[in-house]
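A.B. asks: Chains as they are written, first to last, in the working numbering: chain A, 1 to 372; chain B, 1001 to 1877.
My questions will all concern the structure given below.
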Amino acid sequence: MVNFRFLHSSDLHLGKAFGAYPEAIRNRLREARHGSIARLAHAARQGGATTVLLAGDTFDAETPSPETLRHALRAMAAERDLTWIMLPGNHDSLAASELWRRIATDGPDNLRAVTDAAPFEIAPRVTVLPAPCTQRRPGRDLTESMGAATPAGHLRIGLGHGAITDFSGEEGVAGIIPPDRATLSGLDYLALGDWHGRMRIGAATWYAGTPEADGFKHDTNAGALLVSLGGSLEVDVVETGHFSWRSLAVDLLPGDDALSRLAGVLPTVDKRRDMLVRLIVSGRLPLAERTALEQEALAIAPDFGWFEHDFGGLAADTRPDDLDRIDRAGALRQAAERLLAEAQDEARSLADREISASALARLYAIALEVQK
Amino acid sequence: MKIRSIELTNVRRFSGRTARITGIGDGITVLSEPNEFGKSTFFDALHALFFERHRGTKQSVKALQPHAGGAPEIALEIDLPQGRFRIEKRWLSRATARVLDGTGRLIAQDDEAEAWIDRLLGNGLSGPSGLLWVRQGLLGIEPEGGSTNEKNERERGLNTRRDLLSSVAGEIDLMTGGRRLDAVLARIGQELVRLATSTLKPKTGGEWAKAADEMATLRMQEAELADKAARLSGDLARRADVMRQLSELDDPEAERQRSDRLVEAEQTQKAAVAYAEKLAEARQSLKLAQLTEAGTQTEIQRLEQLSERLVIAEADLHGATGKANEAESRAEELAKLDRSSASTLTSLQEQEKELRGRFDVAQRARLAEAARDRAQALQKALHRAEDLRRSRENDLALQRVIVVTPARLAQAEAAREVLDRISAQLEAQSVSVSVRYDGAARISVDGTELPDGGHLIDAARDFLLPGIGSMRVDPGSGTGEDLARRRTEAEAALKSKLLVCDASSLAGARQKLAETQRLGATIASTDALLAEIAPQGLDVLRQELARAQIDAGAVSGEAGDPVALEAALVDVQAAIAQAQARATEVHSRAVIARETRAAANSARQAAERAAETARLDAGAASDLAVRLQSLRADLVTQGARLSEAWTFCDGLEKEAPDLEMISAQLSRAQSVVTQTRTRRDSLRNEFATLNGSIGALAEQGIEELLDETRGRLAAATAREARYAAEVQALARLRGTLEDARKQARDAYFAPVLRELEPLLAEIHPGAEMQIDDQTLLPVALTRNGQQETLDILSGGTREQIAILTRLAFARLFAKAGQTVPVILDDALVHSDDDRIEAMFNALHRVAKDQQIIVLTCRQRAFSALGGDRAVAVLTDA
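Following this line, the structure appears as C-alpha cells:
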C-alpha cells in the first residue's frame, strides 16, 4: 500500500481587488492573499507534505495583472522543495488562455498547471485525475473524466472545481458534481474547490475552502486540509488565515446594558487590527442608549482593520424620558413627538419611517449637545 | 401681586426726605402731580427695587442718588395670596435688601431677599413683569434730539424694550423651545449647508457632492473597464477560434488534396478547350454552305417572279382597254335620256301652279260667306246680353237701397215682443179710471184736461178737480214707475231697431225684406241667362263679332268651282310625282355611267404603266430563261455540299465535353487554394493583432481593476446614499421643527390676540393687530381692510397700541394666576381727548382684575379716568 500526504487548498483568488474597502485595508487584504502561498507552503512542510493541490481559482481573474501573476509564480518558485499542482477553476478557466500561456511560459519547474483532463502521476503509484474548468460556466459535469482507468494499485486522487450544491442559489438545489463522485469514480480522495468555506461532503470528498478569508459569509477559520492517503484516510485542518472576518450580531431590548452586550461580543483589543467586523444590531433600544451605542461603535471602529455597524434593524424604543431630554414641552417636544409618530406609522413606507426615525435620533443628539 | 404702598427715601429729588404713596387700591390708582414732582422717580424706583440687586453699583443705581449723595432706599408693600409683605432695598452705602411679612417679621435678607424677589417675579429679571412697565416714549415716541439727556433717554427706552423683548422671549422660549430650538436649527443648518444646497441638492465641494462625483467618476471608469474586459474576453475567445482555424488550414493532408484537385482540373480544362475549337471550325464551314445555297435559291425565286409579273401585266392592259370603250358608249346614251325626263317634269309643274292659284280664290270666297252668317248671329246675341245686363244693374240698385235683413227684422220683432210684454204688465198694474163729465168742469192732470172715458193710471198722478180740489191716484208700491220706465226704454229700443231696418213699423220692415228677396231671385235668373248667352263675358262676344265681320268682308273678284278645281289639281300633282320619279331614276343612271367611264379610263392607264415597268425589269425574255437554267444547276451541287457539312458537325457535337462545367470545377479548385491562402494570411494577421491586444490588456490587469472599481463604486454609492439619507433626515427634522415652532407661536399669540381684541375694539372698532413672531411686538394694524405698519401710524395710535398690548399680556398673566401691577408713567401723552376716553374705558375694563398705577402730570385730562387717587406725602427722613 502506498502512503501519500499532500496539502489540499483552493480559491486563493490572488489579485482580488476588495474595491469596496478603504485603501489601507484593501492593500493589506491583497497582501494577505499573496502571503497565503507562503503560509500554505509552511503548513505543507509542517505537515510532512511535499505536494500542494490547488483545486481551482488560484487567481481571481482570467487575466490577472502581470504583477499578481509574477509575484504568485515567484512565491511558488521560492518554495522549491514543494510541488504545486494548479487546476483551472471557474475564475481562471482554460478559456483564460493568456493566463495559462503565461504560466506555461513563465511558471517555475515545481509548478504543474493542469490544462487538460488527462490523468497524471504526481508520485510513484499516485495518480491525479483532474477536471479542469474549460469555461467559466462549462454547463456539464467535468468530473466524469475521473472514471478513467489507472494502473492497478495506484492511489486515485480526483481534483475538481465546481458546485455540488448551488452555492449561489437557494440551499439544496441540485448542482453539477454528483456528491458521490468519489465512490462513482473509485477515488481515494476528491479534492474540490469553489466553496470558500471548508466543507466535508463525504469521508473522501472535501472542499478545502480559501486559505485566506475574503468575506463574512463563512464562519470557519480559513485554512487548508492536510490529507494522508494509504492505510487510512486522514484529513486534518490547518489554519492559514491572516485576517479574520466576523459578523457580530447583537439583539437588544430595552433594559439591556447595550454597551456591555457590545463589549461581550467584541474581541480583545490586541486582535482587532487583523479583523474585519460587521456589527449588526437589532431589537429595540431607548434613544439615549442607542445614541450611546452609536457613539461607542464610532469610538471603537478605528481599532479594527475594518469596522462597520448596521443599526437598521434597531428600532427606537422611545420613552417619555427620551422626549423629555429633548424638551419637556414646546416646539422641540412637539417636533420630537411628530417624528416619533411618523417613525411608528405603519401606513408610511419603510424608507419614509426610517427618515423620520433618523431625524428623531439626530434631534435627540443635537438637543443634548445644545443643552450642554 | 398687588402694590399697596411705595416709599422712597433719599432718592433723587427727595434728598434727605421720604416720599410715600399709600392707599393704592386693587384697580386703578392715579398719582396726578405736576411736572418736576418726581413721578418718574417713583417709576424708576419701583423698577430698581425689582430689577437692581442691592449690591449693584452700576449707573442705573447711581442714577437714583440725589445730587447731595447718600444711599437711596426704597420700600414697597405688596399683597400676595400668602398675605402682606414689605420689601426694602438700600443701595451703595450699607446696602441691604429685606423682606418682612405683615407682622413686621424679617423673613429674608440680602441675597435671600433678592432670591425671594426673583421667585416673586417668576423667572428673575427676564420674567414677565417687565412687560408691565410702560412709560412715555416706550414705543415710537422717543426724543429725537441730540442732547445727552435725550440720548440717555433713548438708550434707556431701548434697554427697556430689550428687557421687554427678553421677558417675552422667555415666554416664547417656554412655548416654542426658543433659543434651544434656534440652536438646534442652527446646528441642522450647519450640517445641511455642509452637504447640500438650499434646494437640497449636493453642494459643490461638500462631502455629499464629492461622494456623488466619485460615484459618477467610478461609474464611468467601471463602464470603460467593463468594456475593456469584455473586449479582452472577446479577444481571448476569438484567438482560440483563430488558432483552431489556423490549425485546420495548416493540415498537410488537406493542403495536398487541394493541390491535386487543382492540377487535375487544369488538365481537363485544357483538353476541353481544344475540342471546342475544332467544333467551332466545323460549325463555321456548315454555316458557309448554308449561306451559299440560300443565296442561289433566292436568285432563282426572283427571276421566276419577274417572268410571271410580265405576263400578267400584258393581260391586264388588254382587259382594261375593252372596259373603257364600253363605258364611254353607255354614258352617252344615258345623258340623252336624262335631259328628256327633266323637260317633261318642268311642263307639268307649270300646269300645277296655274291650277293652285284658281283653287285658292274659290276657297276664300266660300269662307267669307260663312263669316257673314256668324256675324249676324253674334250681333243678335250681343243685343240680348246687353239688355239683360242693364236689367240686372237696375235690380241691384233697388236691392242696395233696402237695408233690412232677416237678422235685423228678427231683432226688431224681439224688441216688439219685449215692449208688448212690459206694456201688458203695466196695464195689469195700472188703475183704471173712468171719467164722465156732467157739467162744464173738467178734470185736469198735470195741466192737461182729462177727456171722458177710461184711463189707465200707471203712476201716481194728481187730478185737479175744479171747485173740489185735487185727488191723487197712485197704483201703489211704486212698481208702476219702474214699468213705465222700462216701457219707455223698450219703445226706444224698438224704434232703434226699426231705424236700422229703415222702416217705421214692423209691417213695413217685413215688406221691405220680401222686396229685397224678390229682387235677389230676379238677379240670379238674369245671371243664368247671361252665362248662357255670353259665357266668357260681353267683351269676348264683341271681339268675336268684330272678327266675323272682318272675315265676311274679305271676298274679291270672280271665283270658279272649287270642287272641280281641286280635282284637276290632284290629277296634275299625280302626273308631276310620276314624272319626277322617272327623271330622278334616269339622272342617277346617267351619273353612274359617267363615274364608270372615268374608272375604266383610270384602270387602263394603270395597266399601261405596269406593263411598261415589267417590260423594263425583265429585259429580254430569252436571257431570263438562260439565267434560270444555270442557277438551278448550281443549286443541286450546293445541296450536296451542305449535307456533308451537317453530318460532320453533328458528329463532333455529340462527343463534345461540358466546357462550362469543367471551367467551373477549375475555378472552384483555384478558389479553394486562393481562399485558403488568403484566409491563412488573414487569420495569421488577426492572430498577431489579437496577441497584441490581449497582451496589452492583460498587462493592465483589466479584470482586477474592474473588480476593484466595482467595489469602490459600490462603496461610493453606499456613501452617497448615506449622505442623501442624512440630508433627507436633516431636512425633515428642520421642516418638522419649523412647523412646530410656527404652530407654537400661532398658539402663543392666539390668546394674546384674543385678549387684545376687545381692548382694541374700544379704540379702533373692527381693527385687527398683527404681531411679529421675531420681535414679539405689534407690527401692523389692519383697519377697513387696509394694513398699516406701525411706523406709519400716528404717535397717539402707536402709544395706544403699546399700552393695549401690555394690558392684553397683563390679562393673560392674571388668568394664569400671575397678577402683576401695570404701571403707566405719563403714557397717553399723544392721544386726543376722544381716544383718551376710550383708553380709560379699556383701562377700567382691565382694572376689574388687574391693579393699574397711573403716574401723570396731566391732572385735568386724567381726572376723567376715575379710580382711586393717591397722594404722595413728603416727610423728612
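No residue lacks a Cβ here, since even glycine has one placed at the ideal position from N, Cα and C.
In chain order, what residues of the region 1235 to 1246 of chain B put their CB closer than 8 Å to some CB of chain A?
C.D. replies: Within the region 1235 to 1246 of chain B, the qualifying residues are L1236, A1237, R1239 and A1240.
A.B. asks: If you count every other CB in all the chains shown that lies within 10 Å of the CB of V1626 (chain B), and 16 or more means buried, which is it?
C.D. replies: Start at 1 with the first residue of the second sequence, and residue 1626 (chain B) comes out as number 626. With fewer than 16 other Cβ atoms within 10 Å, it is exposed.
A.B. asks: Show which residues of chain A have a CB atom less than 7 Å away from the CB atom of E1114 (chain B).
C.D. replies: In the second sequence, residue 1114 (chain B) corresponds to position 114, counting from 1. None at all; the shortest Cβ gap to chain A is about 27 Å.
A.B. asks: For S247 (chain A), which residues from the same chain have a beta carbon less than 6 Å from its beta carbon, with the 5 sequence-adjacent residues on both sides left out?
C.D. replies: Mapped onto the first sequence, residue 247 (chain A) falls at position 247. Within the same chain, S247 (chain A) has close Cβ partners F216 and R278.
A.B. asks: Please report the residue range of the alpha helix (DSSP H) in which F1359 (chain B) lies.
C.D. replies: Here residue 1359 (chain B) refers to the residue found at position 359 when the second sequence is read from its first residue. Its alpha helix (DSSP H) spans residues P1252 to V1401.
A.B. asks: Anything in the region 324 to 335 of chain A with a Cβ closer than 7 Å to a Cβ of chain B? List those residues in chain order, please.
C.D. replies: Correct list: D327, G330, A331, L332, Q334 and A335.
A.B. asks: Determine, for R1835 (chain B), whether the minimum Cβ-Cβ distance to residues of chain A falls below 8 Å.
C.D. replies: The count along the second sequence starts at 1 and reaches residue 1835 (chain B) at position 835. No, no contact with chain A.
A.B. asks: State yes or no: is the beta carbon of A1274 (chain B) nearer than 8 Å to at least one beta carbon in chain A?
C.D. replies: If you number the second sequence from 1, residue 1274 (chain B) lands on position 274. A1274 (chain B) does not count as touching chain A.
A.B. asks: Across which residues does DSSP place K1089 (chain B) in a beta bridge pair?
C.D. replies: As a first step, residue 1089 (chain B) must be located in the second sequence, where it is residue number 89. Its beta-bridge partners are B:I1074 and B:A1097.
A.B. asks: Interface residues of chain B around S356 (chain A) at Cβ under 7 Å?
C.D. replies: The residue labelled residue 356 (chain A) in the question sits at position 356 within the first sequence. Correct list: R1732.
A.B. asks: Do the CB positions of L1519 (chain B) and L1388 (chain B) come within less than 8 Å of each other?
C.D. replies: Along the second sequence, read from residue 1 onward, the residue named residue 1519 (chain B) stands at position 519. Along the second sequence, read from residue 1 onward, the residue named residue 1388 (chain B) stands at position 388. Their beta carbons are not under 8 Å apart, which means L1519 (chain B) does not touch L1388 (chain B) by this criterion.
A.B. asks: Are D1707 (chain B) and A96 (chain A) touching if we call contact CB-CB under 8 Å?
C.D. replies: The residue given as residue 1707 (chain B) occupies position 707 in the second sequence. The residue given as residue 96 (chain A) occupies position 96 in the first sequence. No, they are not a contact pair.
A.B. asks: Under a three-way DSSP split, which group does T1199 (chain B) fall into?
C.D. replies: The residue you call residue 1199 (chain B) lines up with position 199 of the second sequence. T1199 (chain B) falls in the coil class under three-state DSSP.
A.B. asks: Could you tell me which of B:K1380, B:M1769, B:E1699 and B:K1815 sits nearest to T1805 (chain B), measuring between CA atoms?
C.D. replies: Against the second sequence, residue 1805 (chain B) aligns to sequence position 805. Per the Cα distances, B:M1769.
A.B. asks: So for V114 (chain A), helix, strand or coil by DSSP?
C.D. replies: Here residue 114 (chain A) refers to the residue found at position 114 of the first sequence. If DSSP states are grouped into helix, strand and coil, V114 (chain A) belongs with coil.
A.B. asks: Are V370 (chain A) and R1187 (chain B) close, meaning C-beta to C-beta below 8 Å?
C.D. replies: The count along the first sequence starts at 1 and reaches residue 370 (chain A) at position 370. The count along the second sequence starts at 1 and reaches residue 1187 (chain B) at position 187. Contact flag set, yes.
A.B. asks: Closest Cβ-Cβ distance between R5 (chain A) and chain B: below 8 Å?
C.D. replies: Locating residue 5 (chain A) in the first sequence gives position 5, counting from the first residue. It does not: the Cβ of R5 (chain A) has no partner Cβ on chain B nearer than 8 Å.
A.B. asks: Assuming Q1578 (chain B) contacts E1352 (chain B) under a Cβ cut-off of 8 Å, what Cβ separation, rounded to an integer in Å, is found between them?
C.D. replies: In the second sequence, counting from the first residue as 1, residue 1578 (chain B) sits at position 578. In the second sequence, counting from the first residue as 1, residue 1352 (chain B) sits at position 352. Actually they are not in contact, since the Cβ atoms of Q1578 (chain B) and E1352 (chain B) sit about 13 Å apart, beyond 8 Å.
A.B. asks: Out of A:G209, A:R290, A:S228 and A:W100, which has the shortest C-alpha to C-alpha gap to D194 (chain A)?
C.D. replies: Taking the first sequence and counting its residues from 1, the one referred to as residue 194 (chain A) is at position 194. Cα-wise, what sits closest to D194 (chain A) is A:G209.
A.B. asks: Assign M86 (chain A) to buried or exposed, taking buried as 16 or more other Cβ atoms, counted over all protein chains shown, within 10 Å of its Cβ.
C.D. replies: Here residue 86 (chain A) is taken as the residue at index 86 of the first sequence, counted from 1. M86 (chain A) is buried by the Cβ-count criterion.
A.B. asks: Tell me the rounded alpha-carbon separation between D1458 (chain B) and D1395 (chain B).
C.D. replies: Stepping through the second sequence from its first residue, residue 1458 (chain B) is reached at position 458. Stepping through the second sequence from its first residue, residue 1395 (chain B) is reached at position 395. Cα-Cα distance, rounded: 49 Å.
A.B. asks: Give the residues of chain B in contact with V370 (chain A), contact being defined as C-beta atoms less than 8 Å apart.
C.D. replies: The residue labelled residue 370 (chain A) in the question sits at position 370 within the first sequence. Chain B residues near V370 (chain A): R1180, A1183, V1184 and R1187.
A.B. asks: Distance check for T105 (chain A) and L226 (chain A), CA to CA, integer angstroms please.
C.D. replies: Against the first sequence, residue 226 (chain A) aligns to sequence position 226. Against the first sequence, residue 105 (chain A) aligns to sequence position 105. C-alpha separation (whole angstroms): 30 Å.
A.B. asks: Where does N385 (chain A) fall in DSSP's three states?
C.D. replies: Given that chain A is displayed from residue 1 to residue 372, the structure contains no residue 385 (chain A) and the question cannot be resolved.
A.B. asks: Among the candidates A:N221, A:D251 and A:L229, whose CA atom is the shortest distance from the CA of M1 (chain A)?
C.D. replies: Here residue 1 (chain A) refers to the residue found at position 1 of the first sequence. Of A:N221, A:D251 and A:L229, the residue nearest in Cα terms is A:L229.
A.B. asks: Apart from the five residues just before and just after T1268 (chain B), which ones in its own chain have a Cβ nearer than 6 Å to its Cβ?
C.D. replies: As a first step, residue 1268 (chain B) is located in the second sequence; it is residue number 268 there, counting from the start. For T1268 (chain B), where only same-chain residues beyond five positions count, the Cβ hits under 6 Å are I1662.
A.B. asks: Is the CB-CB distance between G350 (chain A) and T318 (chain A) below 8 Å?
C.D. replies: Here residue 350 (chain A) refers to the residue found at position 350 of the first sequence. Here residue 318 (chain A) refers to the residue found at position 318 of the first sequence. According to the sequence shown, residue 350 (chain A) is Leu rather than Gly. Contact flag unset, no.
A.B. asks: Between A359 (chain A) and chain B, is there a C-beta pair that is closer than 8 Å?
C.D. replies: For the purposes of this step, residue 359 (chain A) is taken as the residue at position 359 of the first sequence. Chain B, which has a Cβ nearer than 8 Å to the Cβ of A359 (chain A), makes this yes.
A.B. asks: So, under 8 Å CB-CB, G283 (chain A) and D251 (chain A) are touching, yes? Tell me the CB distance rounded to an integer number of Å.
C.D. replies: On the first sequence, position 283 is the one that residue 283 (chain A) refers to. On the first sequence, position 251 is the one that residue 251 (chain A) refers to. Right, their Cβ atoms sit about 5 Å apart.
A.B. asks: Could you tell me the distance, in whole angstroms, from the CA atom of T1584 (chain B) to the CA atom of I1312 (chain B)?
C.D. replies: Taking the second sequence and counting its residues from 1, one reaches residue 1584 (chain B) at position 584. Taking the second sequence and counting its residues from 1, one reaches residue 1312 (chain B) at position 312. Those two C-alpha atoms are separated by around 41 Å.
A.B. asks: Using 8 Å as the Cβ pair cut-off and three pairs as the minimum, do the region 1630 to 1648 of chain B and the region 1291 to 1301 of chain B touch?
C.D. replies: With the cut-off at 8 Å, the region 1630 to 1648 of chain B and the region 1291 to 1301 of chain B touch.
A.B. asks: Any C-beta of chain B within less than 9 Å: which residues of the region 189 to 206 of chain A qualify?
C.D. replies: So nothing in the stretch comes that close.
A.B. asks: Give me the chain B residues within the contact set of F18 (chain A), using Cβ-Cβ distance strictly less than 9 Å, ordered along the chain.
C.D. replies: Translated into the one-based positions of the first sequence, residue 18 (chain A) becomes position 18. Residues of chain B passing the Cβ test: D1707, E1708 and G1711.
A.B. asks: When you compare the CB of R137 (chain A) with every CB in chain B, is at least one pair closer than 8 Å?
C.D. replies: To locate residue 137 (chain A), count along the first sequence from 1; it is residue 137. No, R137 (chain A) does not count as interfacial toward chain B.
A.B. asks: Quick one: what's got a C-beta closer than 6 Å to A1814 (chain B)'s C-beta in the same chain, skipping five residues either side?
C.D. replies: Residue numbering aside, residue 1814 (chain B) sits at position 814 when the second sequence is read from its first letter. Closer than 6 Å at the Cβ level, and outside the excluded window around A1814 (chain B), lie D1849 and Q1850.
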